[in-house]
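**Q** Protein chains in written order, with the working numbering: chain A, 1 to 246; chain B, 1 to 360. Note that beta-carbon positions come from the ideal geometry of N, C-alpha and C, so glycine has one too. Encoded as structure tokens, here's the structure I'll be asking about.
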């Protein structure tokens, strides 16, 4: 049974239609990737699920609840955590404080302490930085902290928006190693990523999004062989792209 | 901040002692020199209580409030109604309803009634006000203050309107004011250390991000607002029972508002050290200027500064600080713990987690 069920979702900013009837599912324990070019509507989809923007039409079901119109804090309590593209770290507060803020919905102090340790195991670079102001961290460390903070709410669905953005390849490796570990632990993840190769390397299924429409859905293998990626990214039919490259 | 000690309970004790002991020693020493200085000390300690109360809300939430003087008015009048002896009350406030006429509480309980009434008012008003942020919240808080002052100005039967209300039992002296200031400081530190304090500071940094992390922004602000109003009102109650008279004149409360805000801003509104140091410095400057206004004897000459110099002087101090150190003299930092005290704490991450766990 699917944990997250998005049906015919439409998001509009003024005259611009960011999403035009997108449907997708994420089952528990599944990693689903959303790939596609800039402006495809990937971030809009995550924002709508997290309650940051209100959809114009469509439904978002999470574990039987309807999320549309629900305040952000309630969505977090329902079990969805978003790591936004800009990471939204509290730069003047320390790393450990950032993590504790992520646990604002919980009161099980022993569990919180355990989770802080678990996040230290997931991202071994973090623990020695705990007492440091988060603003002094490198981009990669901030990304790890952002993921860690999201995990502190014990989400059942983790949504990651462009975790590789602006990171050096070696740092991206560390971040994706963490994502793989989470996947192995059975965390349901909805991953938005421009770097299609990276995204396809960790996901169970992927949706190719372009101009607010899902163009293709399939396993990483199916997508890699579909040839539609070029068309979605460059806005030309795949046979033209093939000719061009020939 | 790395050198901010208020992340551990040892740091809380350190911060309390390093600020509280000098305040206590200075206050008791100065107060023992004579009645004139004792009055100045009491007045300053009462202001310190108010500034620390303001700090609890402004420092942690980042929202400027110009409305806290309303809690001073509400708290002090309520305490007056409760503590003025009934025989007096009949003469001073004939307009009070019969059941209020007969009430006579001891100073502590009467003061508590004032504080609780202010806290209740803060809760009700805060429900609406805490939905705002930034300059809108500041303006709304000022509007709230104006509404309260207008009500008290025209509520003649209970407040004597624009005339002063006199006859309050005068019981506030330097020792009581010192106790109040120290309790306020301890409360502020505990709030700062608590989870509510941390979550509120997260909303100060970035309200949208805090919300996205599941923080109930309005609720955190409201908790701080109520605690802050209660502490400021306690200062107001003491002030009433220090002067023995109350007024509803808006100007008096506006001057007080700007003085205590200036104290907080000069010291640095994001640390308790800032609140304490700001009060100490501005109280000292204000007293110095008041002496000058009264006249300064050098040999046969008496130099008298023009009256009003006090206000101008405070303005200049504030300007200089805002220009040269916009974050205040402490730059919003607490006084760091010396290494030999904090070394034990830095042993490892395990203990760090342990210490944050205590923030329940």
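1) In the structure shown, what three-state DSSP assignment does residue 303 (chain B) receive?
2) Across the stretch 91-107 of chain A and the stretch 224-241 of chain B, are there enough close Cβ pairs to call them in contact, namely three or more that are closer than 8 Å?
3) Does any C-beta atom of chain B lie closer than 8 Å to the C-beta of residue 77 (chain A)?
4) Determine the direct distance from the alpha carbon of residue 83 (chain B) to that of residue 165 (chain B), and round the result to whole angstroms.
5) Would you call residue 205 (chain B) buried or exposed, if buried means 16 or more other Cβ atoms sit within 10 Å of its Cβ?
6) Would you please verify whether the beta carbon of residue 90 (chain A) is less than 8 Å from any beta carbon of chain B?
7) Quickly, what does DSSP pair residue 207 (chain A) with across the bridge? List them, please.
8) Just how far apart, CA to CA, sit residue 155 (chain B) and residue 93 (chain B)?
9) In whole angstroms, give me the CA-to-CA distance for residue 62 (chain B) and residue 205 (chain A).
10) Label residue 124 (chain B) either buried or exposed according to how many other C-beta atoms from any shown protein chain fall within 10 Å of its C-beta, with 16 as the threshold for buried.
11) So, are the CB atoms of residue 286 (chain B) and residue 314 (chain B) less than 8 Å apart?
12) For residue 136 (chain A), which residues from the same chain have a beta carbon less than 7 Å from its beta carbon, with the 5 sequence-adjacent residues on both sides left out?
13) Closest by CA to residue 211 (chain A), which one among A:3, A:12, A:221?
14) Who are the neighbours of residue 102 (chain A) on chain B, taking C-beta pairs under 9 Å?
15) Exposed or buried, what is residue 44 (chain A) when buried is set at 16 or more other beta-carbons lying within 10 Å of its beta-carbon?
16) Please check if any C-beta of chain A sits within less than 8 Å of the C-beta of residue 224 (chain B).
17) Verify the CB distance criterion: does residue 352 (chain B) have a CB-CB separation below 8 Å to chain A?
18) Check the C-beta distance from residue 418 (chain B) over to residue 242 (chain B) and give it rounded, since I have them as a contact under 8 Å.
19) When DSSP labels each residue in this structure, what does residue 187 (chain A) get in the three-state scheme?
20) Using a Cβ-Cβ distance under 8 Å, would residue 151 (chain A) count as near chain B?
21) Using beta carbons (cut-off 8 Å, strictly below), is residue 9 (chain A) in contact with chain B?
22) Sort A:162, A:202, A:161 by Cα distance to residue 181 (chain A) and report the nearest one.
23) May I ask you to report which of helix, strand or coil DSSP gives residue 101 (chain B)?
24) Taking C-alpha atoms, which residue in B:66, B:137, B:110 lies nearest to residue 240 (chain B)?
25) Within the 8 Å Cβ cut-off, does residue 4 (chain A) reach chain B?
26) With contact counted as at least three CB pairs below 8 Å, one residue from each stretch, are the stretch 169-179 of chain B and the stretch 25-32 of chain B in contact?
27) Measuring only between beta-carbons, confirm whether residue 300 (chain B) sits less than 8 Å from chain A.
28) I'd like to confirm the pairing. Which residues does DSSP put opposite residue 80 (chain A) in its beta bridges?
29) Cβ atoms of residue 235 (chain B) and residue 53 (chain B): under 8 Å apart, would you say?
30) Three or more C-beta pairs under 8 Å: does that hold for the stretch 2-17 of chain A against the stretch 53-69 of chain A?
31) Assuming residue 9 (chain A) is part of the beta strand (DSSP E), what are its boundary residues?
32) Which residues, taken in chain order from the stretch 189-212 of chain B, show a beta carbon closer than 8 Å to some beta carbon of chain A?
33) Beta-carbon of residue 73 (chain A) versus every beta-carbon of chain B: anything under 8 Å?
34) Pull up the distance between the alpha-carbon of residue 198 (chain B) and that of residue 192 (chain B), whole angstroms please.
35) Give the residues of chain B in contact with residue 93 (chain A), contact being defined as C-beta atoms less than 7 Å apart.
36) Does residue 245 (chain A) get closer than 8 Å to chain B when you measure Cβ to Cβ?
**A** By the coordinates alone:
1) In the second chain, counting from the first residue as 1, residue 303 (chain B) sits at position 303. Residue 303 (chain B): strand per DSSP, three-state reduction.
2) no
3) Position 77 of the first chain, counted from the start, is the residue given in the question as residue 77 (chain A). True, the Cβ-Cβ gap to chain B drops below 8 Å.
4) One-based indexing of the second chain puts residue 165 (chain B) at position 165. One-based indexing of the second chain puts residue 83 (chain B) at position 83. Those two C-alpha atoms are separated by around 13 Å.
5) As a working mapping, residue 205 (chain B) is identified with position 205 in the second chain. That one is buried.
6) Residue 90 (chain A) sits at position 90 when you count from the first residue of the first chain. Interface residue, yes.
7) Counted from its first residue, the first chain places residue 207 (chain A) at position 207. According to DSSP, which records beta bridges pairwise, residue 207 (chain A) is partnered with A:34, A:217.
8) Here the question's residue 155 (chain B) lines up with position 155 in the second chain. Here the question's residue 93 (chain B) lines up with position 93 in the second chain. So the alpha carbons of these two residues sit roughly 11 Å apart.
9) In the second chain, residue 62 (chain B) corresponds to position 62, counting from 1. In the first chain, residue 205 (chain A) corresponds to position 205, counting from 1. In a straight line, the C-alpha of residue 62 (chain B) is about 44 Å away from that of residue 205 (chain A).
10) What you label residue 124 (chain B) is simply residue 124 of the second chain in a count that begins at 1. Burial call: exposed.
11) Residue numbering aside, residue 286 (chain B) sits at position 286 when the second chain is read from its first letter. Residue numbering aside, residue 314 (chain B) sits at position 314 when the second chain is read from its first letter. Result yes, Cβ atoms of residue 286 (chain B) and residue 314 (chain B) sit closer than 8 Å.
12) Start at 1 with the first residue of the first chain, and residue 136 (chain A) comes out as number 136. Result list for residue 136 (chain A): empty, nothing under 7 Å.
13) Mapped onto the first chain, residue 211 (chain A) falls at position 211. Nearest option by C-alpha distance: A:12.
14) Translated into the one-based positions of the first chain, residue 102 (chain A) becomes position 102. Going along chain B in sequence order, the residues near residue 102 (chain A) (Cβ under 9 Å) are 213, 214.
15) Mapped onto the first chain, residue 44 (chain A) falls at position 44. Buried.
16) In the second chain, the residue the question calls residue 224 (chain B) occupies position 224. Not an interface residue.
17) Your numbering for residue 352 (chain B) matches position 352 in the second chain. Residue placement at residue 352 (chain B) cannot be trusted, given a pLDDT of 45 that sits under 50; the coordinates are not used to answer.
18) Outside the modelled stretch of chain B, which goes from 1 to 360, sits residue 418 (chain B), for which no answer is possible.
19) Your numbering for residue 187 (chain A) matches position 187 in the first chain. Coil at residue 187 (chain A), not helix or strand.
20) Walking along the first chain from the start, residue 151 (chain A) turns up at place 151. No, its Cβ sits nowhere closer than 8 Å to a Cβ of chain B.
21) In the first chain, residue 9 (chain A) corresponds to position 9, counting from 1. No, residue 9 (chain A) does not count as interfacial toward chain B.
22) On the first chain, residue 181 (chain A) is found 181 positions in, with the first residue counted as 1. Among A:162, A:202, A:161, the Cα nearest to that of residue 181 (chain A) belongs to A:202.
23) Here residue 101 (chain B) is taken as the residue at index 101 of the second chain, counted from 1. Note: residue 101 (chain B) maps to helix in three-state DSSP.
24) For this step, residue 240 (chain B) is matched to residue 240 along the second chain. Among B:66, B:137, B:110, the Cα nearest to that of residue 240 (chain B) is on B:110.
25) Walking along the first chain from the start, residue 4 (chain A) turns up at place 4. False, the Cβ-Cβ gap to chain B never drops below 8 Å.
26) yes
27) Position 300 of the second chain, counted from the first residue, corresponds to residue 300 (chain B). So, not an interface residue.
28) On the first chain, position 80 is the one that residue 80 (chain A) refers to. Paired residue(s): A:157.
29) To locate residue 53 (chain B), count along the second chain from 1; it is residue 53. To locate residue 235 (chain B), count along the second chain from 1; it is residue 235. Yes, they are a contact pair.
30) yes
31) Residue 9 (chain A) sits at position 9 when you count from the first residue of the first chain. It spans 2-13 - the beta strand (DSSP E) in which residue 9 (chain A) sits, taken as one unbroken run.
32) 195, 198, 199, 201, 202, 205, 206, 208, 209, 210, 211, 212
33) Translated into positions along the first chain, residue 73 (chain A) becomes position 73. Taking Cβ atoms only, chain B reaches closer than 8 Å to residue 73 (chain A), which makes this a yes.
34) Here residue 198 (chain B) corresponds to residue number 198 of the second chain, with the count starting at 1. Here residue 192 (chain B) corresponds to residue number 192 of the second chain, with the count starting at 1. Roughly 7 Å between the two C-alpha positions.
35) As a first step, residue 93 (chain A) must be located in the first chain, where it is residue number 93. Chain B residues near residue 93 (chain A): 201, 202, 205.
36) One-based indexing of the first chain puts residue 245 (chain A) at position 245. Below a pLDDT of 50, predicted positions are generally treated as unreliable, and residue 245 (chain A), at 45, falls in that range; the measurement from the model is reported next regardless. No, residue 245 (chain A) does not count as interfacial toward chain B.
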